[in-house]
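Just so you know, we're using our numbering here: the sequence shown kicks off at 1253 and counts up by one. For every residue, glycine included, the Cβ atom is placed at its ideal position computed from N, Cα and C. These figures come from a predicted structure and were not determined experimentally. Accompanying notes for the structure given below.
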Amino acid sequence: MKNNRNNLLLMGIAVLCIGLTSGCSELAKIMQELWALEPPEGYETPTPKPTPTPKPFSTPKPTPTPKPFSTPTPTPTPKLNATPTPKPSKPMEVFCTYFHYFQAGPQDFNQWWIQGKYPANILGPEDWRRDIWVGTPGDYPYIGIYNNVQDAEIMRWHIRLAKASGITAFLVYINNWQDERAQTDLLLTVAEQEKFKIGFIEHHSFLGARRLDGRQQPILPQKYLGYNEINRHHAERLGLPMPDNQSEYEPPASSTRSRGVSMDALLSAADRVSGMLQQWKNHSAYLRVDGKPLVVIPYMVEELTAAEFKQLVDTITQRVGESLYVVAIVPQVYWYYAPEAVLGTGISKEWADTGVSSFTHWTPNGMVTASQKIREKVTQYNVKDSRKWQKDAMIPIMPGFDDDAWRPGDSPAPTTPRNNGQPWGAQLDAALKASPRFIFIQGWNEWHEGSQIEPSTLYSDPYLYLQILAGKLKRPWQTPALPPRDHVDPLRRSYLPY
């Protein structure tokens, strides 16, 4: 192998010499001949090593960023009877009490008439002012006396006024549902046409265990005599001063008075309430709350126990055949007649278990004259206490109370002046600030006790109280058209803007 290499070297030198002497062309030929030669047997042509590419300056490797300490996955906290997410708050609704038994003659002047008053006569000094039963001296319905027993247009006007002010339902006083069947049918029909709701207040149960002797509220002295008994009971229990202007009342000796009401009274109330609900609860205009027919049951008897009221609710529910939304007015819970007593008459467990959905109160006279601080304190307590027991708060308010035109003085109930709507607006402010589910207005046309909010000739503006309500609810007020001209009192027609 070594000799072959030497021979090739000598041949290369010879070629070089020839190239130097003979020129490049000859050199090329010689080179071709040389490359064409077969290498000697056993010779391996060495593979030339590639010239190594010079390495670039090595960039120093960056120091690796240390990984952050890994946060351990937290151990999930076991759920132990997790509290359900509270349901979104429901929009507040405004209910108002309503009487539907006013008649405008010429024979029957029911509810415009009382002993010593005769609406066919002109009282004066205006030629349109009849001698009617009103509570406040000088007060008078804007359209004159009307018939809302048989006149659908009067009902329609009332409903349109209520809707314009923000009221969502009338709670109608039912004294005897069988006798009042025709006017109740008509009112529900009009309400359906106007997309409005009607609920019931079982008025006869107001003094449930007491005999009413067929006489109508509110002239029954028993109403206020019963209030006296309740006031005195709360005053003794809570150590609070109660209103001094009370009717003379001689309660039965406590040693002989048994606790509770008679079974006959409870069954009679159950008959009345279940009867009216079975008759009308399925009407499309009947008021339902959370899918349940609403009914207000006032039972203002100091002797009433929670167990008895539960028995009443259970009996009515069983007869009606579906769950009810019961609003209770009882002296043992939220005694608004004297605001100081409300804070000491919250819901107890025994009353929370009676099947009642909401507790409210009638004639909150004391709230009309209370300070705003007291109003807010009482109202906020009501809302918080109701929520504590998973009940809906229903705050009662009224524009005033004045029956001096026919029952002068502060007996049997103290006069609470209206003051051009100032107490009315202040009560609304206190109620709205507390955010209850319902506001309970008393009332639409309770003229005989001066607590109405429908239009009157005595207000600075006939629609004053409805306008104030709309304003507090942030609703733009638009005055609905009057009833057709031939449906209003002839004595008032020429004084109305037709």
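Residue from the options whose Cα sits closest to the Cα of residue i
i: Q1355; options: Q1363, T1349, P1707; result: Q1363
i: P1752; options: Q1402, L1375, Y1398, Y1588; result: Past the edges of the chain, shown from 1253 to 1750, lies residue 1752, and the structure says nothing about it.
i: E1488; options: I1626, G1596, D1662; result: G1596
i: Y1633; options: D1654, Q1359, V1585, W1603; result: V1585
i: I1419; options: K1685, R1433, T1667, F1692; result: F1692
i: I1397; options: S1610, W1365, P1660; result: W1365
i: D1379; options: Y1750, L1748, P1749, R1744; result: R1744
i: F1452; options: H1410, R1484, H1535; result: H1535
i: I1720; options: H1352, A1414, D1360; result: A1414
i: S1575; options: T1668, K1533, G1357; result: K1533
i: H1739; options: S1520, E1444, Q1402, R1524; result: Q1402
i: T1410; options: L1748, P1669, W1696, E1701; result: Sequence inspection shows His at residue 1410; the Thr mentioned does not correspond to that position. It is W1696 whose Cα lies nearest to the Cα of H1410.
i: E1484; options: M1515, T1436, P1583; result: The sequence as given places Arg at residue 1484; Glu does not occur at that position. It is P1583 whose Cα lies nearest to the Cα of R1484.
Distance, residue j Cα to residue i Cα
i: L1439; j: G1673; result: 29 angstroms
i: I1705; j: A1678; result: 15 angstroms
i: Q1730; j: Q1570; result: 44 angstroms
i: T1412; j: P1732; result: The question names Thr, but residue 1412 in the sequence shown is Arg. Each residue's Cα considered, the two are about 6 angstroms apart.
i: K1647; j: I1549; result: Note on identity: in this sequence residue 1647 is Ile, with Lys being the wrong assignment. Looking at the two C-alpha atoms, the distance is approximately 16 angstroms.
i: A1580; j: W1699; result: 24 angstroms
i: A1517; j: V1424; result: 22 angstroms
i: Y1588; j: S1746; result: 42 angstroms
i: W1658; j: L1734; result: 30 angstroms
i: N1399; j: K1601; result: 45 angstroms
i: L1710; j: K1640; result: 42 angstroms
i: K1562; j: V1635; result: 22 angstroms
i: K1342; j: G1661; result: 43 angstroms
i: K1685; j: L1725; result: 11 angstroms
i: D1681; j: T1621; result: 14 angstroms
i: W1603; j: Q1642; result: 12 angstroms
i: F1448; j: G1491; result: 44 angstroms
i: P1742; j: L1564; result: 47 angstroms
i: K1369; j: S1687; result: 43 angstroms
Own chain partners of residue i with C-beta closer than 6 angstroms, once the 5 adjacent residues on each side are dropped
i: R1638; result: Before going on, a small fix: residue 1638 reads as Ser here, not Arg. Within the same chain, S1638 has close Cβ partners A1645.
i: V1541; result: Y1577
i: R1467; result: Note that R1467 has pLDDT 40, beneath the 50 cutoff, so the model's placement of it is unreliable and the number below is only indicative. Result list for R1467: empty, nothing under 6 angstroms.
i: V1442; result: A1404, M1407, R1408
i: V1630; result: P1591, V1594
i: A1722; result: S1417, G1418, W1729
Coil, strand or helix - residue i by DSSP
i: K1449; result: strand
i: T1667; result: coil
i: E1602; result: helix
i: A1686; result: helix
i: I1705; result: coil
i: M1407; result: helix
i: L1423; result: strand
i: V1585; result: coil
i: E1345; result: strand
i: R1571; result: helix
i: I1366; result: coil
i: L1550; result: Residue identity check: residue 1550 is Pro in the sequence provided, not Leu. Looking at P1550 - three-state DSSP - the assignment turns out to be strand.
i: K1544; result: strand
i: Y1350; result: strand
i: Y1747; result: helix
i: E1432; result: coil
i: P1659; result: Rather than Pro, the amino acid found at residue 1659 in this sequence is Arg. Correct three-state label for R1659: coil.
i: P1393; result: strand
i: R1639; result: helix
i: R1727; result: coil
i: Q1402; result: coil
i: S1526; result: helix
i: P1732; result: coil
i: T1621; result: helix
i: P1591; result: helix
i: Y1717; result: helix
Contact set for residue i: own chain, Cβ-Cβ below 7 angstroms, skip 5 residues either direction
i: G1527; result: W1429
i: S1712; result: N1672
i: Q1694; result: T1349, W1614, T1615, P1648, M1650, S1703
i: I1626; result: P1591
i: R1737; result: R1745, Y1750
i: L1716; result: G1673
Heavy atom of the ligand ATP within 7 angstroms of residue i beta-carbon
i: K1625; result: Here there are no bound small molecules, and the ligand ATP is not part of this structure.
In DSSP terms, what residue i is bridged to
i: M1646; result: F1690
i: A1580; result: I1549, F1611
i: F1653; result: T1668
i: E1454; result: I1426
i: I1374; result: R1382
i: Y1538; result: I1450
Cβ-based neighbour list, residue i, same chain, cut-off 8 angstroms, excluding 5 preceding and 5 following
i: N1373; result: R1382, D1383
i: V1572; result: S1526, L1529, Q1530, K1533, P1545
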